[in-house]
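Asker:
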Amino acid sequence: MALIENTIHINASPEKVFAYITNLEGQKNQYVTSVEADGPIKLGTKIKTTVKAMNGVVNVITAEVVAFEQNKLYSLKTYGTPPASDVVSTNILEADGGGTKLTLQTEAVLVPPGMPSMPGMEDMMRKQMTASYDANLAQVKKAIEG
Numbered sequence: 026m027a028l029i030e031n032t033i034h035i036n037a038s039p040e041k042v043f044a045y046i047t048n049l050e051g052q053k054n055q056y057v058t059s060v061e062a063d064g065p066i067k068l069g070t071k072i073k074t075t076v077k078a079m080n081g082v083v084n085v086i087t088a089e090v091v092a093f094e095q096n097k098l099y100s101l102k103t104y105g106t107p108p109a110s111d112v113v114s115t116n117i118l119e120a121d122g123g124g125t126k127l128t129l130q131t132e133a134v135l136v137p138p139g140m141p142s143m144p145g146m147e148d149m150m151r152k153q154m155t156a157s158y159d160a161n162l163a164q165v166k167k168a169i170e171g
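Counting from 26, one number per residue, gives the positions in the sequence shown under the working numbering.
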């Protein structure tokens with residue numbers, strides 16, 4: 026299991042950042058067509074996200090809140106469809122000089138059994154995931170800061 030860690034500073038309070046990242050309606054975009062939870066966001070809540078790919082294929086992704094501490098910690102376990110593995114994504118919020126240090130820690134098997142593999146595949150996957158998470162954190166920062 027690999028751990029990928031990305032961090033960004035956001036010029037807003039941890040309370041504001043936490044409210045944003047736990048707002049399911051805010052997750053909708055041109056690809057995410059619906060996000061539904063089986064109750065309020067808290068430990069154990071199940072979340073189903075419907076994603077429509079550019080080629081029109083629709084997928085439903087199931088996740089569960091596996092850690093939740095108001096304004097400090099929000100962690101989701103996304104259940105992978107084989108051969109993909111489950112992924113745990115943890116958002117850690119820390120007050121930082123009038124703003125918030127937001128750290129995203131992602132635990133995943135980068136090349137699960139049954140997936141094609143070649144030398145350098147794990148490094149390539151790590152680099153792609155790191156770039157994607159950096160872009161996602163930059164979008165969160167832009168959305169919150171304006």
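Where a beta carbon is used, it is the ideal one built from N, C-alpha and C, also for glycine. All figures in this text were calculated on a predicted structure; none of them were measured in a lab.
1. Should the stretch 46–64 be regarded as contacting the stretch 148–161, the criterion being three or more beta carbon pairs within less than 8 Å?
2. Roughly how many angstroms lie between the CA atoms of Val91 and Gly145, to the nearest whole one?
3. If contacts are defined as beta-carbon pairs under 8 Å, then Asp159 and Asn31 qualify, I think. What distance do you get, rounded to the angstrom?
4. Judging by CA-CA distance, which residue of Ile29, Pro65, Tyr45 is the nearest neighbour of Gly171?
5. Can you tell me which residues form a DSSP beta bridge with Ser59?
6. For Ala88, which beta-bridge partners are listed by DSSP?
7. Would you kindly report the start and end of the unbroken alpha helix (DSSP H) that includes Thr155?
8. What residues are listed by DSSP as bridge partners for Thr115?
9. Determine the closest residue to Leu101 out of Pro107, Thr115, Ser110, with distance taken between C-alpha atoms.
Answerer: Reading it off the structure:
1. no
2. 31 Å
3. 5 Å
4. Tyr45
5. Thr75
6. Ile72, Thr103
7. 146–170
8. Ser100, Gln130
9. Thr115
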